[in-house]
Structures are given as C-alpha cells and as structure tokens.
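Asks:
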Amino acid sequence: MPVDGRQVVVRVRIRRLVCPVRDCGRQTFREQVPGLLERHQRGTTRLTGQLSELVKELCGRASARLTRSLAMPVPYASALQLPRRVPMPVVRIPRVIGVDDFALRRRHSYATIIINAETSQRIEVLSRFRPE
2 MPVDGRQVVV
12 RVRIRRLVCP
22 VRDCGRQTFR
32 EQVPGLLERH
42 QRGTTRLTGQ
52 LSELVKELCG
62 RASARLTRSL
72 AMPVPYASAL
82 QLPRRVPMPV
92 VRIPRVIGVD
102 DFALRRRHSY
112 ATIIINAETS
122 QRIEVLSRFR
132 PE
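In terms of our numbering, the sequence shown opens at residue 2 and continues consecutively.
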C-alpha cells in the first residue's frame, strides 16, 4: 500500500523449515505469515483485495492505468488475474425470501426480483420480456 503517494516495498524474510521425518512426502516447508501474505503471493493480502476491487469496477487496462497513479503499479495481465485470487464470499441460504414483479417498460417488458427478506439484499433479478 502506498504511503503519502509513494510506493512502499515491504521485505519479508521467511524461514525454510526441514521436516525431520525421513518418510515425509515434503522435505521442506516455508514459514507462513497469515494475514500478511498468502502462498505464492508477491503482494500483501490487503493490497490484493483493494486492487481486485479496482479491477472489478474498472476492468483491466483502465485499472492498470489508475493503479500506476495511485502508486500501486500492476501490469495489465496481472490485473486481470487478481479477482480470481480473492476467495468467493460465503453465501448463506435465506430463511425468508421476498418476490416482486415490476415493469421495466410498461406493457412491454417485466422482471421479477427475489430478495432476502431478513437482510433486504437482492438475490436475483429474473427478466421476462412479455406480459402474461
């Protein structure tokens, strides 16, 4: 993350650990730093999360240009890979749902919205193009 508009480089030294058991499938292990770095990651978890939000909103090339001006430079090809690294949110099954039909254009196209009645969050919008 940038500080005062300047790029910051965090150097983390990670120990390589050796398994004392001879029959172990993996001979060496690397120390994990939870909350700061994930496995095979070159940036912090916080930076990856913020960059993936930018990429979701602006797409690849525009987000790569904006990150350069925000002192968080990311190549275009890497920017497209960022949203895949962020884990999918856990979706709870709603206990109570609400269903409503509404007109997108009167007498021409209609849609149905399904919401979680407890949290008022939208679950799905189903479009129907003909009145029934």
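For each residue, glycine too, the CB sits at the ideal point set by N, CA and C.
Report yes or no: do three or more beta-carbon pairs, one from the region 120 to 128 and one from the region 95 to 110, lie closer than 8 Å?
Replies: Contact holds: three or more Cβ-Cβ distances are below 8 Å.
Asks: Bridge partners for Tyr111 per DSSP, in chain order?
Replies: Position 110 of the sequence shown, counted from the start, is the residue given in the question as residue 111. DSSP, once it has assigned bridges, lists Ala104, Arg129 as partnering Tyr111.
Asks: Confirm, please, whether the CB-CB distance from Leu52 to Met73 is below 8 Å.
Replies: For this step, residue 73 is matched to residue 72 along the sequence shown. For this step, residue 52 is matched to residue 51 along the sequence shown. Contact: yes.
Asks: Here's the rule I'm using: 16 or more other beta-carbon atoms within 10 Å means buried, otherwise exposed. How should Thr68 be labelled?
Replies: As a position in the sequence shown, residue 68 is number 67, starting the count at 1. Buried, since its Cβ has 16 or more Cβ neighbours within 10 Å.
Asks: Below 8 Å on the Cβ atoms is my guess for Arg31 versus Arg17; work out the distance and round it to an integer in Å.
Replies: Indexing the sequence shown from 1 puts residue 31 at position 30. Indexing the sequence shown from 1 puts residue 17 at position 16. At roughly 6 Å, the Cβ-Cβ gap stays under 8 Å, so Arg31 and Arg17 are in contact.
Asks: Tell me whether Leu37 is buried or exposed, calling it buried when 16 or more other Cβ atoms sit within 10 Å of its Cβ.
Replies: Indexing the sequence shown from 1 puts residue 37 at position 36. Result: exposed.
Asks: I'd like the span of the beta strand (DSSP E) that includes Leu71, first residue to last.
Replies: The count along the sequence shown starts at 1 and reaches residue 71 at position 70. Here Leu71 belongs to no beta strand (DSSP E), and DSSP marks it neither H nor E.
Asks: From the DSSP output, in three-state form, read off Gly99 for me.
Replies: As a first step, residue 99 must be located in the sequence shown, where it is residue number 98. Gly99: strand per DSSP, three-state reduction.
Asks: Secondary structure at Leu67, three-state DSSP: helix, strand or coil?
Replies: As a first step, residue 67 must be located in the sequence shown, where it is residue number 66. DSSP places Leu67 in helix when its eight states are reduced to three.
Asks: From Ile124 to Ile115, what does the alpha carbon distance come to, in whole angstroms?
Replies: The count along the sequence shown starts at 1 and reaches residue 124 at position 123. The count along the sequence shown starts at 1 and reaches residue 115 at position 114. Straight-line Cα distance between these residues: approximately 6 Å.
Asks: Straight-line CA distance for Gly6 to Leu71?
Replies: Along the sequence shown, read from residue 1 onward, the residue named residue 6 stands at position 5. Along the sequence shown, read from residue 1 onward, the residue named residue 71 stands at position 70. Answer to the nearest angstrom: the Cα atoms are 7 Å apart.
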